[in-house]
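Protein chains in written order, with our numbering: chain A, 36 to 106; chain B, 3 to 515.
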């Protein structure tokens with residue numbers, strides 16, 4: 036199991052995957068909005084989405100867990 | 003051909019013994035660790051494997067300490083004379099005795115006299131504690147190595163290739179070098195070993211976590227280039243050296259011009275929507291000679307890209323915001339990374355290219371507590387005091403202090419070029435309208451009317467910061483079509499070769515570090 040964390044403080048702007056989706060390295064899985072910018076969050080490993088911890092509109096801090104993957 | 007006499011045979015025998023390094027079991031150990039013997043490293047580094055060595059008989063009388071665990075030599079790398087210090091980890095784990103330290107100090111003095119780059123091939127367990135009185139505290143003790151490194155900093159290029167540990171005080175060798183290349187899995191840097199950390203502060207941690215190559219190249223920022231093996235480290239060091247003059251009095255070598263990589267145009271790469279991300283690496287590829295990019299600190303603070311490259315054969319240092327990572331926002335680490343890189347280029351007459359697409363410095367409690375203002379000041383001072391040719395290109399947005407950090411008009415760039423997608427402002431339209439009209443926006447009850455008002459104000463604001471208005475006011479010097487940018491840069495860097503800036507009379511500024 037691996038955890039993908041937020042690279043910076045911001046608001047969730049888009050969730051690009053659903054539970055059960057398989058992802059590849061570098062795939063954009065979530066988009067944050069911070070400092071008026073869209074910040075793509077990429078998967079760091081291959082895996083299957085097991086849990087999504089933040090929804091559109093949620094505020095997340097740096098290092099908060101966004102998505103958990105089964106590897 | 004050496005004449006055959008008894009004493010010559012004896013000499014030859016002694017040399018052979020020294021060239022063999024430490025005990026065979028330590029050579030076996032090297033193989034297990036995927037490491038090369040020090041003399042094999044040197045053979046790979048120097049042109050035709052040839053080098054001239056001094057002090058190889060150091061500590062010969064001890065019997066088991068060939069060359070006292072360090073090879074110091076002069077030779078050529080890609081035709082350029084350089085000096086080298088290389089630890090031999092088969093001799094007491096490459097630890098430092100009195101003669102080891104003396105040899106390192108002497109090769110530093112040689113590099114200064116001959117004004118040539120100095121490479122440190124580090125693989126050392128640190129000081130021989132049993133020899134401390136002879137090697138640690140005195141005028142020509144280990145401290146002198148670091149003192150000399152500081153003295154040589156900016157005078158000649160100093161490069162560290164970290165093949166193994168650089169422990170305790172020894173960790174300052176990489177710290178004072180211009181660039182540190184680390185071999186993943188073997189290189190490490192730490193003041194106190196994990197064993198010591200457990201004993202002294204009760205922390206249980208692995209060496210890799212605490213001071214491994216990957217950690218230093220991605221978290222601490224002490225490492226600049228992470229490589230897989232020693233051969234790659236040596237190749238990267240050669241590639242790096244090629245961008246630099248032998249010393250600060252000379253100019254970087256001009257190489258043969260190579261055209262840019264064939265790919266999408268900058269018009270296709272850069273989205274007009276200021277908030278949409280794109281990959282700055284692709285834009286850099288469109289501007290530089292193909293294959294010339296040497297990235298520094300790729301894995302650290304990736305929201306800013308710093309690297310050496312060539313444009314029409316000329317060395318340039320690129321500082322570019324990366325909108326794909328953290329929106330290209332400047333943080334504590336990104337400011338620190340860019341400041342050191344600018345200092346490096348300025349020291350050796352490598353002109354600077356700034357590619358600005360930056361929403362500003364990060365805000366919020368966490369960065370304020372981490373001192374983002376003083377780290378930002380460090381970047382702004384480095385950029386501001388650089389006297390090499392500086393070209394500032396406003397790619398898209400350059401908001402607030404972000405404009406300043408990226409060599410905006412007030413910081414005497416030789417030219418500030420805007421692409422038609424450029425947008426210069428204290429802040430973006432959304433934030434600005436909120437800041438100025440928040441009371442009036444809140445006072446409008448009807449949501450439809452509210453939206454109309456906000457949109458009207460956005461439009462007015464965008465007109466206010468229109469790039470042609472900026473050009474009309476002489477804020478930017480030139481507006482250039484993205485596809486012409488490479489040619490414009492090549493032309494201008496050639497024109498700016500003669501740049502000479504006088505400095506106010508003083509010793510040095512007071513650095514905000």
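C-beta: ideal position from N, C-alpha, C; glycine also.
Ignore the nearest five residues each way along the sequence and tell me which others in residue i's own chain have a CB closer than 7 Å to its CB.
i	result
residue 269 (chain B)	484 and 485
residue 156 (chain B)	250 and 349
residue 80 (chain A)	37, 60, 104 and 106
residue 446 (chain B)	452 and 455
Please list, in chain order, all residues of the same chain as residue i whose beta carbon is under 8 Å from its beta carbon, the five residues on each side excluded.
i	result
residue 262 (chain B)	287, 288, 289, 290, 291, 292 and 488
residue 54 (chain B)	75, 76 and 77
residue 380 (chain B)	337, 338, 341, 513, 514 and 515
residue 194 (chain B)	170 and 202
residue 217 (chain B)	210 and 211
residue 137 (chain B)	98, 99, 100, 102, 103, 129, 130, 143 and 144
residue 476 (chain B)	none
residue 118 (chain B)	76, 82, 83, 84, 85, 158, 248 and 249
residue 240 (chain B)	47, 79 and 80
residue 22 (chain B)	68
residue 2 (chain B)	One cannot answer for residue 2 (chain B) here, as it falls past the ends of chain B, which runs 3 to 515.
residue 260 (chain B)	291, 292, 293, 294, 312 and 315
By a C-beta neighbour count over all protein chains shown, 10 Å radius and 16 as the cutoff for buried, is residue i buried or exposed?
i	result
residue 513 (chain B)	exposed
residue 510 (chain B)	exposed
residue 17 (chain B)	exposed
residue 34 (chain B)	exposed
residue 184 (chain B)	buried
residue 398 (chain B)	buried
residue 470 (chain B)	exposed
residue 76 (chain A)	buried
residue 144 (chain A)	Coverage of chain A is limited to positions 36 through 106, which leaves residue 144 (chain A) absent and any answer about it impossible.
residue 506 (chain B)	exposed
residue 265 (chain B)	exposed
residue 9 (chain B)	exposed
residue 501 (chain B)	exposed
residue 7 (chain B)	exposed
residue 335 (chain B)	buried
residue 25 (chain B)	exposed
residue 135 (chain B)	exposed
residue 91 (chain B)	buried
residue 139 (chain B)	exposed
residue 424 (chain B)	buried
residue 43 (chain B)	buried
Closer than 6 Å by C-beta to residue i: which residues in its own chain qualify, once you throw out the five before and the five after it? Chain order, please.
i	result
residue 297 (chain B)	309
residue 172 (chain B)	126 and 128
residue 326 (chain B)	279 and 281
residue 69 (chain B)	20, 58 and 60
residue 43 (chain A)	69 and 97
residue 220 (chain B)	301 and 302
residue 94 (chain A)	46
residue 213 (chain B)	190, 191 and 192
residue 95 (chain B)	127
residue 100 (chain A)	38, 40 and 88
residue 226 (chain B)	181, 182, 298 and 299
Quick one: measure Cβ to Cβ for residue i and residue j, integer angstroms, because I've assumed they're closer than 8 Å.
i	j	result
residue 361 (chain B)	residue 410 (chain B)	The Cβ separation is near 14 Å, so there is no contact.
residue 520 (chain B)	residue 88 (chain B)	Only positions 3 to 515 of chain B appear in this structure, which leaves residue 520 (chain B) out of reach.
residue 180 (chain B)	residue 160 (chain B)	5 Å
Closest to residue i by CA distance: which of the options is it?
i	options	result
residue 177 (chain B)	B:162, B:98 and B:272	B:162
residue 245 (chain B)	B:222, B:317, B:233 and B:236	B:317
residue 320 (chain B)	B:392, B:364 and B:277	B:392
residue 493 (chain B)	B:267, B:313 and B:424	B:313
residue 149 (chain B)	B:353, B:132, B:413 and B:106	B:106
residue 277 (chain B)	B:466, B:359, B:450 and B:221	B:359
residue 352 (chain B)	B:382, B:6, B:499 and B:464	B:499
residue 92 (chain A)	A:106, A:48 and A:101	A:48
residue 458 (chain B)	B:481, B:508, B:432 and B:482	B:432
residue 434 (chain B)	B:401, B:206 and B:253	B:401
residue 468 (chain B)	B:490, B:42 and B:421	B:421
residue 356 (chain B)	B:437, B:373 and B:404	B:404
residue 232 (chain B)	B:495, B:38 and B:482	B:38
Do residue i and the ligand MN come close, with the Cβ less than 8 Å from some heavy atom?
i	result
residue 475 (chain B)	This structure simply doesn't include the ligand MN, nor any ligand for that matter.
Residues, ordered as in the chain, of the stretch 12-33 of chain B that lie near chain A by beta-carbon distance below 9 Å: none
Residues within the stretch 316-336 of chain B neighbouring chain A, beta-carbon criterion of under 9 Å: Contacts with chain A (Cβ-Cβ distance below 9 Å) from the stretch 316-336 of chain B involve 325, 326, 327, 328, 329, 330, 331 and 333, listed in chain order.
Chain-ordered residues of the stretch 361-393 of chain B with a beta carbon less than 8 Å from chain A: 361, 362, 364, 365, 366 and 368
Residues within the stretch 76-97 of chain A neighbouring chain B, beta-carbon criterion of under 7 Å: 97
Near-chain A residues of the stretch 429-448 of chain B - C-beta to any C-beta below 7 Å: Those residues of the stretch 429-448 of chain B that come within reach of chain A (Cβ to Cβ, closer than 7 Å) are 430, 432 and 433.
Proximal residues, the stretch 276-298 of chain B versus chain A, C-beta separation under 7 Å: 277, 278 and 279
Chain B contacts made by the stretch 56-75 of chain A, where a contact means CB separation under 7 Å: 69, 70, 71, 72, 73, 74 and 75
Residues in the stretch 41-55 of chain A having any Cβ partner in chain B nearer than 7 Å: 42, 43 and 44
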